[in-house]
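Residue numbers (my numbering): 1343 to 1628.
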C-alpha cells in the first residue's frame, strides 16, 4: 500500500508494508514500511527502494538467535520476522534465507505522519516490539524517522540498525557532481572512485558500476551529521541523528549514492531504545 503525505511542493510516499523488495533482495530489509519517494520542487530525491531500514547486517552483530541456531533452526530478523538458518556459515545479508513467518504490520495515519508497529515472539525466547513514526514538516522540507525498539524476549538483543538512504537528485546517472560532507575520522585507505578533502568525499568520476566503502569510524551524537550535495543543481540533503554513530559506509552505483550511518544498542529483556534520524532537503529554488 502506498501512502502519500505532504503538499504539492514537498511530499513523500511511504510503502507499507514493504514486502515486494524481497523479490530482489531477499528477506533482509525492514518490511514494516519504507519511504519510496521524496519529491521537492517537482524533483525526485530517491532512487530504487528509497529510505529503507535494516537491522543486523553482518557478523559479529548477526540477527538475534542466528549464532546459536543449528541448521534448520529459526532465528529472528528484526523488521522481518522469523527466518531459518540453512547451514553453519556466518550470516550474510544477501543470502535468500527461508522465511518461516513474516511479522505483521499495524499502520496508523495522521496529519503529516504515519505510525508503523510490529511485534514478534519466537518459541525459543526471542521477541521484540518495533515501532517507527515517519513525520514530515512540508513547510521546511524536513523528514524525521523516529524509532522505538523493545526487547520482549528472554535473551539479550544486540541490535545494529541503519538506513540504506538510496538518493539520486533528479534521476540522472551518478557522477563527480556529488559530494558528501561528514565528520567521521576515515582512515588513509581511500579507493580510487572518490577523493578525500577536509571532511568531504568527492566522487572522482562518473559511476559505471557498484562500489562499496565500509568504515569502522564512529562519532558521538553531537557530530552525527552528513550532507550530500549535487554541485550541478544546488540540491542537497542533510542527514543527522540523536545517537552515537558506531560506523559508516558509502555505497554508490550508476543510479544512487547511499551514505549509511549505523546505530547500535544492547537491550536486556524488557529494555527499550528510542532514536531519531532527521533529513533536511534543499532544492535549487530554495
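In this text, a Cβ means the ideal position worked out from N, Cα and C, and glycines have one as well. In this text the structure is predicted, and so the values were computed from the model without any measurement.
| Asked | Found |
| --- | --- |
| With burial defined as no fewer than 16 other Cβ atoms inside 10 Å of the residue's Cβ, what is the status of residue 1360: buried or exposed? | buried |
| Determine the burial state of residue 1389: buried for a count of at least 16 other Cβ atoms within 10 Å of its Cβ, exposed for fewer. | buried |
| When we look at the beta-carbon of residue 1421 and count the other beta-carbons within 10 Å, is it buried (16 or more) or exposed? | buried |
| Should residue 1372 be labelled buried (16 or more other beta-carbon atoms within 10 Å of its own) or exposed? | buried |
| Excluding sequence positions up to five away, which residues of its chain have a Cβ less than 6 Å from the Cβ of residue 1581? | 1568, 1621 |
| Look at residue 1473 and residue 1458 and say whether their C-beta atoms are less than 8 Å apart. | yes |
| Which same chain residues, not among the five before or five after residue 1448, have their C-beta less than 8 Å away from its C-beta? | 1458, 1459, 1460 |
| Which residue spans inside the segment 1366-1440 form an unbroken beta strand (DSSP E) run of at least 3? | 1376-1382, 1395-1397, 1416-1419, 1423-1426 |
| Along the chain, which unbroken stretches of the alpha helix (DSSP H) at least 4 residues long are found entirely within the segment 1525-1575? | none |
| Beta strand (DSSP E) containing residue 1521: first to last residue? | 1520-1523 |
| Taking the alpha-carbon of residue 1507 as reference, which of 1378, 1494, 1519 has the nearest alpha-carbon? | 1378 |
| Please report how far the alpha carbon of residue 1393 lies from the alpha carbon of residue 1409, in whole angstroms. | 28 Å |
| State the start and end residues of the unbroken beta strand (DSSP E) segment that holds residue 1462. | 1455-1463 |
| For the candidate residues 1619, 1484, 1456, 1586, whose alpha-carbon lies nearest to that of residue 1559? | 1586 |
| Taking Cβ positions, are residue 1606 and residue 1501 nearer each other than 8 Å? | yes |
| Do the CB positions of residue 1387 and residue 1516 come within less than 8 Å of each other? | no |
| Going by DSSP, what residues sit across from residue 1450 in a beta bridge? | 1457 |
| Between the segment 1546-1556 and the segment 1591-1599, are three or more C-beta pairs nearer than 8 Å? | yes |
| Output the distance between the C-alpha atoms of residue 1352 and residue 1510, rounded to the nearest integer angstrom. | 16 Å |
| Which first and last residues belong to the beta strand (DSSP E) in which residue 1617 is found? | 1614-1624 |
| To the nearest angstrom, how far is the alpha carbon of residue 1464 from that of residue 1494? | 10 Å |
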